[in-house]
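Below you'll find the structure, written out as structure tokens, and then a few comments.
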Amino acid sequence: MAQIQAVKGTNDIGPDDSPRWQFLENTLRSVVASYGYSEIRTPILEKTELFKRAVGEVTDIVEKEMYAFDDLGGDRLSLRPEGTAGVVRAGIERGLLYNQTQRLWYIAPMFRREKPQKGRYRQFHQIGIEIFGLEGPDVDAELIRITARFWKELGIKGLRLELNSLGSKQARADYRQLLVSYFESNAEQLDADSQRRLESNPLRILDSKNPAMAKLIAEAPKLSDHLDPESKEHFETLCQLLDDAGIEYILNPNLVRGLDYYSRTVFEWKTDDLGAQDTVCGGGRYDGLIEQLGGKPNTAVGFGLGLERALLLLPDDIPVAPQADVYLAAMGEGPARYLNGLSELLRDELPALRVMQNHGGGNFKGQLKRADKSGAQFAIIVGESELENRCVTVKPLRGGEQQTVSQNDIVDFLQNQYK
Ligand code: HAM
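If you use our numbering, the sequence shown corresponds to residues 37 to 455, in order.
Printed below as a string of structure tokens:
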């Protein structure tokens, strides 16, 4: 029968890949825990309308990349292309956002129907942080300090931080007019994509990668020269706080991000090591979104970090724990039955120890081979004579002398080894 293949742009994480994933996720989790943030989990499925309203009807994500379908009940649903909209929806619905602060994180799969290539997939994963109810640049700075700590703990080097402020809604609307007249007076230099955006989303033209438009974009009016005074002060304080923290950044006046909900601070961490997929992490403030989704106004700031991209940047020599610490091998049926009890006793007494028990029989050599493959430090071997003498044979697998240990002492023996 013909084999069924995985869906294009999706990946399996097999047993050989999972240690690196676990290292990545455990490190990220322990960093967010060290800042006192709480986890939130929201459904993968949401109403399509949510993303249209939050991410923006004329963004690439909503226009071209959503997995949207009609549910049998008649609802239009989408697999989430990003995490922020769902968290805000859940926060409003559960009364978590009004007049309070929340510092939330998630690790979750996202779906975008993009053209798959290295670092770009149709199902991918993000760690996201969303903070509500804190207005000042102090929390923007903490958010960026968290990302800097991610890189430090993961051993990822060579990323650069780009920073911009999109100002208030009003400042952006005024600037938008200015930009539209500038591009209109140079309309013959705009490519087809940008001409289309001139009406719908002119700020995104600044993000164009088309080299033929580079000069036009470089000479365009800058939002940073037209910020409202509060946003300007917010941004200057943020830069000051990053200087205090010793975090280097590049001011990029053309950084606008691909989602519509941002205001004031926006930032991206970029790399030269992943080809076209050069953004590893992106985020910013989205103070107007809660109201836009029907909640009472409150401020918000956050980021999303692509785990597949972070994984590609991890050093080769990350610490990977072996599958097992001890491997229990038995010669004969009686000894095999004895090991059932011993293995559970060891798990009761030494919960941190990884105990792998031989199953499916096999001769001595075969069992030791499996023991070696498990990565264990010790094989604990029990045959008929050990059973009779109420002892076990402990064979160090990475060098050292074999020894006999009484059954009564085996827990203490292992405890001493792993002190
Ligand atoms: P985003 O910039 O669309 O922002 O995505 C954040 C990160 O997700 C990207 O920097 C990238 O690492 C990863 N990513 C995006 N698309 C793909 C893909 N097709 N394959 C692999 N990785 C991908 C957001 O999603 C916002 N929700 C971030 C945010 C949270 N802003 C405020 N709060």
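Here a beta-carbon is modelled for each residue, glycine too, at the ideal position from N, C-alpha and C.
Assumed close pair residue i, residue j - CB separation to whole angstroms, cut-off 8 Å
{"i": "R300", "j": "S260", "result": "So it is not a contact: roughly 12 Å between Cβ atoms."}
{"i": "G122", "j": "R130", "result": "Not really, about 12 Å apart at Cβ, beyond 8 Å."}
{"i": "Y285", "j": "L202", "result": "With 8 Å as the limit, Y285 and L202 do not qualify as a contact, their Cβ atoms being about 16 Å apart."}
{"i": "W141", "j": "I180", "result": "Not a contact, Cβ separation roughly 15 Å."}
{"i": "T46", "j": "Q153", "result": "Incorrect: roughly 14 Å between the Cβ atoms, too far for contact."}
{"i": "V67", "j": "L329", "result": "Their Cβ separation, rounded to whole angstroms, is 29 Å, which puts V67 and L329 out of contact at 8 Å."}
{"i": "L310", "j": "G155", "result": "5 Å"}
{"i": "A407", "j": "L378", "result": "The pair is not a contact, with the Cβ atoms about 15 Å apart (cut-off 8 Å)."}
{"i": "E93", "j": "R149", "result": "In fact, because the Cβ distance is near 17 Å, the residues do not count as touching under 8 Å."}
{"i": "L423", "j": "Y374", "result": "6 Å"}
Short Cβ contact (8 Å threshold) for residue i with residue j
{"i": "L350", "j": "L60", "result": "yes"}
{"i": "I143", "j": "A346", "result": "no"}
{"i": "Q439", "j": "V447", "result": "no"}
{"i": "L389", "j": "Y454", "result": "yes"}
{"i": "P173", "j": "H270", "result": "yes"}
{"i": "E227", "j": "A248", "result": "Looking at the sequence provided, one finds Asp at residue 227 rather than Glu. A contact, by the Cβ cut-off of 8 Å."}
{"i": "N290", "j": "D243", "result": "yes"}
{"i": "I182", "j": "R139", "result": "no"}
{"i": "S114", "j": "T95", "result": "no"}
{"i": "I354", "j": "R65", "result": "no"}
{"i": "D264", "j": "S204", "result": "yes"}
{"i": "A177", "j": "L108", "result": "no"}
{"i": "V316", "j": "L195", "result": "yes"}
{"i": "A366", "j": "N399", "result": "no"}
{"i": "R6", "j": "V292", "result": "This structure gives no information on residue 6, because the portion of the chain shown stretches from 37 to 455."}
{"i": "L190", "j": "T63", "result": "yes"}
{"i": "L197", "j": "I283", "result": "yes"}
{"i": "N334", "j": "G169", "result": "yes"}
Per-residue burial, residue i [other beta carbons within 10 Å of its own, 16 or more giving buried]
{"i": "I97", "result": "buried"}
{"i": "L341", "result": "buried"}
{"i": "S217", "result": "exposed"}
{"i": "Q162", "result": "buried"}
{"i": "M37", "result": "exposed"}
{"i": "E344", "result": "buried"}
{"i": "V356", "result": "exposed"}
{"i": "S230", "result": "buried"}
{"i": "E272", "result": "exposed"}
{"i": "P51", "result": "exposed"}
{"i": "K245", "result": "exposed"}
{"i": "Q136", "result": "exposed"}
{"i": "R232", "result": "exposed"}
{"i": "Q403", "result": "buried"}
{"i": "F186", "result": "buried"}
{"i": "Q206", "result": "exposed"}
{"i": "Q413", "result": "buried"}
{"i": "G127", "result": "buried"}
{"i": "F376", "result": "Note that residue 376 is Asn in the sequence shown, not Phe. Looking at its Cβ environment, which holds fewer than 16 other Cβ atoms inside 10 Å, N376 is exposed."}
{"i": "F303", "result": "buried"}
{"i": "S410", "result": "buried"}
{"i": "F105", "result": "exposed"}
{"i": "E118", "result": "buried"}
{"i": "I417", "result": "buried"}
{"i": "E82", "result": "buried"}
{"i": "K88", "result": "buried"}
Beta-bridge pairing of residue i - partner residues as DSSP gives them
{"i": "C427", "result": "S442"}
{"i": "Q162", "result": "A144, G342"}
{"i": "Q153", "result": "R156"}
{"i": "I167", "result": "R139, V337"}
{"i": "P238", "result": "Paired residues: none, contrary to the question."}
{"i": "P432", "result": "F414"}
Check: residue i C-beta below 7 Å from any heavy atom of the ligand NAD
{"i": "S70", "result": "As far as ligands go, the structure on display features the ligand HAM and does not contain the ligand NAD."}
*List in chain order: all unbroken beta strand (DSSP E) runs of 3+ residues lying wholly within the stretch 291–379.*
301–306, 315–321, 336–342, 362–366
*At 3 residues or longer, and completely inside the stretch 66–134: list those beta strand (DSSP E) runs for me, N to C.*
81–83, 104–106, 112–115
_Secondary structure, alpha helix (DSSP H): runs of 4+ residues fully inside the stretch 389–419_ = 400–409
*Please specify which runs of the alpha helix (DSSP H), each continuous and at least 4 residues long, are wholly inside the stretch 169–204, giving them in chain order.*
173–190
*Can you list, in chain order, the stretches of the beta strand (DSSP E) that have 3 or more residues and sit fully within the stretch 240–298?*
none
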